[in-house]
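Asks: Would you mind keeping the following structure in view while I ask a few things?
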Amino acid sequence: MAAVSGALVARRPLSQALPGELRRRMVDRIAMSLIASTALLGCAVLLFVVSYVVVRGAPAIDVAFFTEGPKPYGEEGGGVLPAIVGTLSMLLLASAIAIPAGLGTAIYLSEFGRGAFAHAVRFALDLLAGMPSIVIGVFVWSLLVRQVIGRFSGIAGAVALAIIMIPIVSRTVEEILRLVPDALREGSLALGVPRWRTIVGVVLPTARAGVITGVMLSLARAGGETAPLLLTALGNQFLSFDLTSPIASLPVQIYNYAVAPYEDWHTKAWGSALVLVSVIGCLSLVTRIATRRARL
Amino acid sequence: MSGRGDRCFELTAAGAAAAAIATLGALALLLLVYSWPSIARYGLSFFTTTDWDPVAERFGAAHFVYGTVATSIVALLLATPVGVGAALFIGEYAPLRLAEPVSFVVELLAVIPSIVYGLWGFFVLAPFMRSSVEPALRDSVGQVPIVGTLFSGPIVGKDLLVAGVILAIMILPTVTAISREVLRAVPDTQREGMLALGATKWEAIRHAVLPYARGGIAGALGLGLARALGETMAVTMVVGNSSSRITGSLFTPGYTMSSAIANQFTEAAKAIHFAALVEVALVLLLVATIINLFARLLVSRFASGPVGA
Amino acid sequence: MITVGNDGVRTFEAAGRTDADVAPALRTEGLTAWYGGPNPAIADVNLSVLPNKATAIIGPSGCGKSTALRCLNRMHEVIRGARVAGRVYLEEEDIYAPGVDPVRVRRRIGMVFQKPNPFPMMSIFDNVIAGLRLSGERVKNADEIVWRCLDAVGLWGEVKDKLRSSGSSLSGGQQQRLCIARAIAMEPDVLLMDEPCSALDPIATYRIEELISQLKRRYTIAIVTHNMQQASRVSDYTAFFLAGPDRVGRLVEYGPTEQIFTNPKERRTEDYITGRFG
Chain A
5 MAAVSGALVA RRPLSQALPG ELRRRMVDRI AMSLIASTAL LGCAVLLFVV
55 SYVVVRGAPA IDVAFFTEGP KPYGEEGGGV LPAIVGTLSM LLLASAIAIP
105 AGLGTAIYLS EFGRGAFAHA VRFALDLLAG MPSIVIGVFV WSLLVRQVIG
155 RFSGIAGAVA LAIIMIPIVS RTVEEILRLV PDALREGSLA LGVPRWRTIV
205 GVVLPTARAG VITGVMLSLA RAGGETAPLL LTALGNQFLS FDLTSPIASL
255 PVQIYNYAVA PYEDWHTKAW GSALVLVSVI GCLSLVTRIA TRRARL
Chain B
-8 MSGRGDRCFE LTAAGAAAAA IATLGALALL LLVYSWPSIA RYGLSFFTTT
42 DWDPVAERFG AAHFVYGTVA TSIVALLLAT PVGVGAALFI GEYAPLRLAE
92 PVSFVVELLA VIPSIVYGLW GFFVLAPFMR SSVEPALRDS VGQVPIVGTL
142 FSGPIVGKDL LVAGVILAIM ILPTVTAISR EVLRAVPDTQ REGMLALGAT
192 KWEAIRHAVL PYARGGIAGA LGLGLARALG ETMAVTMVVG NSSSRITGSL
242 FTPGYTMSSA IANQFTEAAK AIHFAALVEV ALVLLLVATI INLFARLLVS
292 RFASGPVGA
Chain C
59 MITVGNDGVR TFEAAGRTDA DVAPALRTEG LTAWYGGPNP AIADVNLSVL
109 PNKATAIIGP SGCGKSTALR CLNRMHEVIR GARVAGRVYL EEEDIYAPGV
159 DPVRVRRRIG MVFQKPNPFP MMSIFDNVIA GLRLSGERVK NADEIVWRCL
209 DAVGLWGEVK DKLRSSGSSL SGGQQQRLCI ARAIAMEPDV LLMDEPCSAL
259 DPIATYRIEE LISQLKRRYT IAIVTHNMQQ ASRVSDYTAF FLAGPDRVGR
309 LVEYGPTEQI FTNPKERRTE DYITGRFG
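Protein chains in written order, with this note's numbering: chain A, 5 to 300; chain B, -8 to 300; chain C, 59 to 336.
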């Protein structure tokens, strides 16, 4: 029977190599090794960065690190308590803004939202999520620092962080709310429970884990933000709970210490980085494990 | 009774949702208003000159734009092979037991705050680049005509190249994670179709998987690029923040748009200086948003299948 | 002699038939295949595929018929975690022997899939010679090869003016014929078809069936189908697979198609053919 394509001249036994096979097999091997090494490189970089933070940061960590304020220039010792307090109080205020706003948005999008308005909301959230954080800093500066409050303040910092958190909270929560089966809603509505009580009393509690995940994700992201705080909360050497004036934060503290010429401050910067990475790493790990389990 | 409760509840939720739109609108509007003095006064020369002199009130931001573009391109050039490669490893090569941990570790890179990368870049990467990598580059590639310009001149260690490397690390998880999702969406029938023709694994990837996925991977790179453009702290700490010249050498200490804002904002004393910095932020906003939207479009169009398939 | 299995499967004595003396093009011995888990999907399959005949593999869904087919050109092992034991002889050579590269095997045993899978980023022309290009050398007389292969699947007249447009611009049936053209461009010994018509409409299905009866003059064909009418129309031999209560697929009966459909030796085959289950 004549060959259709006439492409292959002779049948080769399977034990015999095809023309160009050696080269092709080499290329295949090389490609695989290169691809595996890129993955290895990615992992190595993380290991390298994290191990540096741990090794350089660990010596800075002692009780005073968490309980004392910074010492004046050139004096050893002291800690970063003001920065920790500042970061926590700004995160608290930011959560107070972002969690209700994010939850409300998520509820609207998953339970009510239809049509052009919902579409516009999603679009706005996407844009906000992709916004460079420094731009958000400039915005909050021009709104609050320049106008409403009139000075650098913890409130402005918290608002900037809240704007960063809202898209994360609302998108995560919306996704989770969509997973809540309709039967649950209908079951409750059929009992004569009003829609809003169904959502608050049945839908939200069912999606509790997802809501917590969203909040933790957004905290992990906001807790490490530096650039917007530089433009809004500015920073403060001293312990302060006053959110209407400039306030310290861990990320800004790292920046100020790193670029200063004192060895002891560099160690403090690494120590602060270690604290930040540990807390944020734990938050991410927990949420990661939680979402993994939820998916299974 | 319940009708009114429902109505109130829905309106509250809608109000929260509307806040997102309002924030975005206010953001764009305020930036425009605050930068207007600068836009009106300098016009296009803002983007064509490199003279940034607050004392003389001359503002040209071309070198900021150049710094952002140069560092982002370096980042993309470095992160593309590594990020797509890692995604290929996770999606195509690694046994399942290995794929999960590797992708987890690479994605953890995204969790580390920018400032920590900055710290690491400042104390670890920059000195290493100055003492080892950059001299080696200057002595090898730097000797080649034309291309060599990129790697010529005095080595300071805080320059566009170092910033590009830091950015590459920072966008690596974005590129990897999205590329991985894109590869996952390539139908197995494409891989198997090529394998059944007698392709090796790499040939199936090269001739079937990658061509099929190229739109989505371009989107992944776009999202990485958008992140690189707006990244601030890590870049600010290693980019040098000094030169106002565009030299063509990556060894030049430069500025990026975001680092210029971070560096000068709190020190700016004159209204026009603020306006100029806000204009830089506005440009950053527009560029990042456009690239982001375009990249999202590419990814979502890919997710709904390639043209005609 | 066609010997089929010893686990309760009858041996088909082809008395007076010339087919019986022909050496099979493909022959499996104790073929067993696993997906990730500990239990095999198919076990101890002993099947012969005679040259220049169409052999249909039928059975209810989940019986392992596609798995068995994919083992015949080492496509099963492509799935992560999947594993194969036993032997598959292509004429005299075991395709699972150590040192045999699956690339060589697949070059001689082509495959057509359930869902038409032309490469959407390649033109129709490039789709046909995609496999030939893999060797890295320039394909000589590519125009002629493309013409012959498209002509052989009856697609030339329909696409000769749009050879440069994407393979995915064709209709489902045309796409599937393009995939067959792509496979026969490699000049395989055997063509494996995994439910090639299940995604097609009746007219397209008819054309593929017609094509199969032409192609078997040149190639050996093994076709998996869930459609018994199709098996009886296109095939010369039929193998019936069934998964037991342990959900392991086994070859129950094998023989000339006519005999399987009119006078099966196994009760289970008869039940399936007559639609009593499955």
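By construction, the Cβ of each residue, glycine as well, lies at the ideal position given by its N, Cα and C atoms. Since the model is a prediction, treat every value here as computed from it, not as a measurement.
Assign Ser105 of chain B to buried or exposed, taking buried as 16 or more other Cβ atoms, counted over all protein chains shown, within 10 Å of its Cβ.
Replies: Under this definition Ser105 of chain B is a buried residue.
Asks: Would Pro244 of chain B pass as a contact of Asp150 of chain B if the rule is Cβ separation under 8 Å?
Replies: Yes. Within cutoff.
Asks: Roughly how far, in whole angstroms, is the beta-carbon of Gly73 of chain A from the beta-carbon of Pro86 of chain A, given that I think they are within contact range, below 8 Å?
Replies: Rounded, the Cβ-Cβ distance is 5 Å, consistent with contact.
Asks: How about Glu98 of chain B and Ala13 of chain B: do their beta carbons lie closer than 8 Å?
Replies: Contact: no.
Asks: Tell me the residue span of the beta strand (DSSP E) that contains Phe299 of chain C.
Replies: Looking at the DSSP string, the run of the beta strand (DSSP E) that includes Phe299 of chain C is 295 to 301.
Asks: Does the separation of the CB atoms of Thr223 of chain B and Ala253 of chain B fall below 8 Å?
Replies: Yes, they are a contact pair.
Asks: Between the C-alpha atoms of Phe319 of chain C and Leu258 of chain C, what's the straight-line distance to the nearest angstrom?
Replies: So the two alpha carbons sit approximately 25 Å from each other.
Asks: Which of the residues in the region 180 to 211 of chain C, read from start to end, lie with their CB under 7 Å from any CB of chain A?
Replies: Answer set for the region 180 to 211 of chain C: Leu190, Ser193, Gly194, Glu195, Ile203, Arg206, Cys207, Ala210.
Asks: Kindly list the residues whose CB is nearer than 7 Å to the CB of Ala166 of chain A, restricted to its own chain and excluding five residues on each side of it in sequence; keep chain order.
Replies: Cβ within range, chain order: Ala98, Ile101, Ala102.
Asks: Hey, Val230 of chain B and Ser250 of chain B: beta-carbon distance below 8 Å or not?
Replies: Cβ distance < 8 Å, so Val230 of chain B and Ser250 of chain B count as in contact.
Asks: DSSP beta-bridge partners for Glu151 of chain C?
Replies: According to DSSP, which records beta bridges pairwise, Glu151 of chain C is partnered with C:Leu148.
Asks: Can you pull the chain C residues whose beta carbon is under 9 Å from the beta carbon of Gly24 of chain A, in chain order?
Replies: Chain C residues near Gly24 of chain A: Leu192, Ser193, Gly194, Glu195.
Asks: At a CB-CB cut-off below 7 Å, which residues of chain C make contact with Gly189 of chain B?
Replies: Val161, Arg164, Arg165, Gly189, Leu192, Met244, listed in chain order.
Asks: Check the DSSP bridge columns for Ala91 of chain C and list the partner residues they point to.
Replies: Answer by DSSP bridge pairing, in chain order: C:Ile100, C:Val142.
Asks: Is the region 192 to 205 of chain B close to the region 122 to 136 of chain B, with three or more CB pairs under 8 Å?
Replies: No, the region 192 to 205 of chain B does not touch the region 122 to 136 of chain B.
Asks: Using 8 Å as the limit for Cβ to Cβ distance, is Val62 of chain C near chain B?
Replies: Summary for Val62 of chain C: the model assigns pLDDT 42, below 50, so the residue's position carries little reliability; its value from the coordinates is reported in the next sentence. Answer no: the Cβ-Cβ gap between Val62 of chain C and chain B never drops below 8 Å.
Asks: Check whether chain A comes within 8 Å of Ile281 of chain B, counting only Cβ atoms and requiring the distance to be less than that.
Replies: False, the Cβ-Cβ gap to chain A never drops below 8 Å.
Asks: Looking at the structure shown, is Asp201 of chain C part of a helix, part of a strand, or coil, going by DSSP?
Replies: Note: Asp201 of chain C maps to helix in three-state DSSP.
Asks: Exposed or buried, which one is Phe299 of chain C when buried takes at least 16 other CB atoms within 10 Å?
Replies: That one is buried.
Asks: If we count the other Cβ atoms within 10 Å of its Cβ and call it buried at 16 or more, is Pro82 of chain C buried or exposed?
Replies: Pro82 of chain C is buried by the Cβ-count criterion.
Asks: Using DSSP bridges, identify the partner residues of Arg88 of chain B.
Replies: Paired residues: none, contrary to the question.
Asks: Looking only at C-alpha atoms, which of A:Arg118, A:Phe121, A:Leu22, A:Ile153 sits nearest to Thr236 of chain A?
Replies: Among A:Arg118, A:Phe121, A:Leu22, A:Ile153, the Cα nearest to that of Thr236 of chain A is on A:Ile153.
Asks: Please confirm whether Gly144 of chain C has its beta-carbon closer than 8 Å to some beta-carbon of chain B.
Replies: It does not: the Cβ of Gly144 of chain C has no partner Cβ on chain B nearer than 8 Å.
Asks: Tell me the rounded alpha-carbon separation between Glu91 of chain B and Arg218 of chain B.
Replies: Taking the straight line joining both Cα atoms gives about 24 Å.
Asks: With a 10 Å radius around its C-beta and 16 neighbouring C-beta atoms as the bar for buried, classify His123 of chain A as buried or exposed.
Replies: Per the 10 Å Cβ criterion, exposed.
Asks: Go to Thr71 of chain B, then tell me how far its alpha helix (DSSP H) extends in each direction, as first and last residue.
Replies: First-last of the alpha helix (DSSP H) with Thr71 of chain B: 53 to 79.
Asks: Since Thr247 of chain B and Gly112 of chain B are thought to touch, with beta carbons under 8 Å apart, how far apart are those beta carbons, to the nearest angstrom?
Replies: Not confirmed; about 14 Å, so no contact.
Asks: Given a cut-off of 8 Å on the beta-carbon distance, is the pair Gly122 of chain C and Asp102 of chain C in contact?
Replies: Contact: no.
Asks: With a threshold of 8 Å between beta carbons, is Thr71 of chain B in contact with chain C?
Replies: It does not; no Cβ of chain C falls within 8 Å.
Asks: I'd like to know whether the C-beta of Phe55 of chain B is nearer than 8 Å to at least one C-beta of chain A.
Replies: Answer no: the Cβ-Cβ gap between Phe55 of chain B and chain A never drops below 8 Å.
Asks: Within 10 Å of its beta-carbon, does Cys1 of chain A have 16 or more other beta-carbons around it, so buried, or fewer, so exposed?
Replies: Examination of residue 1 of chain A is not possible in this model, given that chain A is present from 5 through 300 alone.
Asks: Return the residue from the list B:Ala294, B:Leu15, B:Gly215, B:Val60 that minimises the CA-CA distance to Asn283 of chain B.
Replies: Of the candidates B:Ala294, B:Leu15, B:Gly215, B:Val60, the one whose C-alpha sits nearest the C-alpha of Asn283 of chain B is B:Gly215.
Asks: Should the region 203 to 213 of chain A be regarded as contacting the region 184 to 191 of chain A, the criterion being three or more beta carbon pairs within less than 8 Å?
Replies: They touch, by the three-pair rule.
Asks: Which residues in chain B have a C-beta closer than 7 Å to the C-beta of Leu139 of chain C? List them in chain order.
Replies: Note that residue 139 of chain C is Gly in the sequence shown here, rather than Leu. Leu87, listed in chain order.
Asks: Which residue from A:Gly214, A:Leu51, A:Ala162, A:Glu267 puts its Cα closest to that of Arg182 of chain A?
Replies: Closest by alpha carbon: A:Gly214.
Asks: So for Tyr312 of chain C, helix, strand or coil by DSSP?
Replies: Strand, per DSSP.
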